[in-house]
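The block underneath contains the structure these notes are about, expressed in structure tokens.
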Amino acid sequence: MQLFPSEVIYIVTPSSKECEQARLLSYCEGVARFVNWLNSATGATANQYHIVGHSLGGHQAGIVARNVNGNVAYITALDPAQPGWITNDHKLRGSDSSYTEVIHTNAGVLGYLGTLGHTDFYPNGGINMPGCSSQDCDHSRRRFANDRVVSKWLFGNMNSLSESTAGRKLTRAAPFVTCYHYLAESLTSGIFTGRRCATYIAAMTGNCLLWGNLVMGGLVPKTGQSGIYWLETNAAPPFARG
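Using the UniProt record's numbering, the first residue of the sequence shown is number 1, and each one after it goes up by one.
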């Protein structure tokens with residue numbers, strides 16, 4: 001299925017156990033150099049890129065974007081890792097792109113608890129996803145998912161997908177229910193509408209009474225938007241509830 005002409009750059013990195021920080025930074029800087037070369041060769045610019053990363057890759061997305069010439073348009077961080085990153089100076093920042101969105105699905109365990117982006121979504125309270133029976137499943141339930149998701153990356157004027165397999169735990173608990181699938185569905189058909197929250201604690205409890213809704217994911221960066229959002233999903237496709 002293809003909605004718009006696009007190019008996808010699919011990047012697989014070593015696991016966190018194999019990739020100490022110095023090497024990780026060097027690796028990400030190398031990816032950024034490749035992007036800079038590609039842009040110089042093709043005439044593309046940073047504001048045509050959408051960078052996506054899961055777990056460790058969520059932080060790597062930010063490191064790459066910081067080292068690309070120009071301002072990257074859009075980062076989507078899928079449950080960026082928490083272990084080893086709470087006080088890490090190189091963790092993801094909202095300022096890494098013109099619009100940085102974070103989707104938390106295992107917040108406070110394997111995934112980052114607090115906010116990191118311009119907008120942070122906590123579907124189902126950010127933990128214990130419907131259809132998932134373990135914490136590893138919440139964070140890493142993506143076996144068999146990668147090819148399906150890449151096939152749906154149709155960014156319009158967005159040129160890139162960056163993804164990391166770091167921290168993967170190949171659980172069969174709910175292989176077709178994942179933050180990857182939430183994002184993939186949002187690109188093609190699903191409308192995941194979040195309710196605005198005062199704090200991430202409110203988002204984790206669903207106690208969100210602030211005015212203003214925002215749609216999670218999607219093809220187009222919601223530049224200028226910010227805040228913390230809660231929503232509910234279904235346990236099986238279609239995941240979006242509108």
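We treat Cβ as the ideally placed atom computed from N, Cα and C, and that holds for glycine. Keep in mind the model is a prediction, meaning the values are calculated, not measured.
Thr188: member of the alpha helix (DSSP H) spanning 179-188, first to last residue. Scanning the UniProt domain "Lipase" (29-134) from its first residue to its last, the whole beta strand (DSSP E) runs of 3-plus residues come out as 50-54, 74-78, 99-103, 119-123. In the three-state scheme derived from DSSP, where H, G and I count as helix and E and B as strand, Tyr229 is classed as strand. For Ser189, same chain residues with a beta-carbon under 6 angstroms away, outside a window of 5 residues either side, do not exist. Contact fails between the segment 195-204 and the segment 88-101, because fewer than three Cβ pairs, one in each stretch, are under 8 angstroms apart. Phe192 has Met216 as its beta-bridge partners, per DSSP.
Following the DSSP letters along the chain, one finds Thr205 inside the alpha helix (DSSP H) bounded by residues 200-205.
Residue pairing by DSSP places Cys197 opposite Ile228 in a beta bridge.
Taking C-beta separations shorter than 7 angstroms and ignoring five residues to either side along the sequence, the partners of Asn124 in its chain run Pro130, Glu232, Thr233, following chain order. Taking 8 angstroms as the cut-off, the beta carbon of Asn67 is found no closer than this to the beta carbon of Ala46. Within its own chain, the residues whose Cβ lies closer than 6 angstroms to the Cβ of Glu101, once the five positions on either side in sequence are excluded, are Thr76, Gly117, Thr119, listed in chain order. Around the beta carbon of Gln21, a 10 Å sphere encloses fewer than 16 other beta carbons of the protein chains shown; the residue is thus reported as exposed. Note on geometry: alpha-carbon atoms of Val215 and Ile191 lie some 7 angstroms from one another.
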